[in-house]
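First up is the structure itself, then whatever we jot down about it.
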Amino acid sequence: MFVCKKCGECCRNIGGIDVYKDLDRGDGICKFLEGNICSIYENRPLLCRVDESYEKLFASEISREDFYKLNYQVCEGLIKKGG
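To convert, note that position 45 of the sequence shown is 42 in the working numbering; the numbers rise steadily by one, no gaps.
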């Protein structure tokens, strides 16, 4: 299971990403982000669900371990960028 740090950085950096354009409030931040928490967490889009998106979209393309590694790398990069 992917372990999220709940820092909100992924939700603060969606600008210019086509699949998230409907979530962007206009400044690159998800319109459902409140503090560091998703206000629609239980109903968030599939691409916001690392484990489920792996199963449904990426399992035939990449190993779970490599998928998690990529997600953690992006996560750490966003944290460094934001900090």
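C-beta atoms are modelled at their ideal positions from N, C-alpha and C, and glycine is treated no differently.
DSSP places Cys72 inside the alpha helix (DSSP H), whose first and last residues are 61 to 79. DSSP places Ser57 outside any alpha helix (DSSP H), giving it a letter other than H or E.
In this structure, the alpha-carbon of Leu20 lies about 10 Å from that of Ile14.
Contact annotation: Glu6 and Leu75 have beta-carbon atoms nearer than 7 Å. Assignment of Leu44 by DSSP, reduced to helix, strand and coil, places it in the helix class. The three-state secondary structure of Glu6, taken from DSSP, is coil. Leu43 is not a Cβ neighbour of Val16, given a cutoff of 7 Å.
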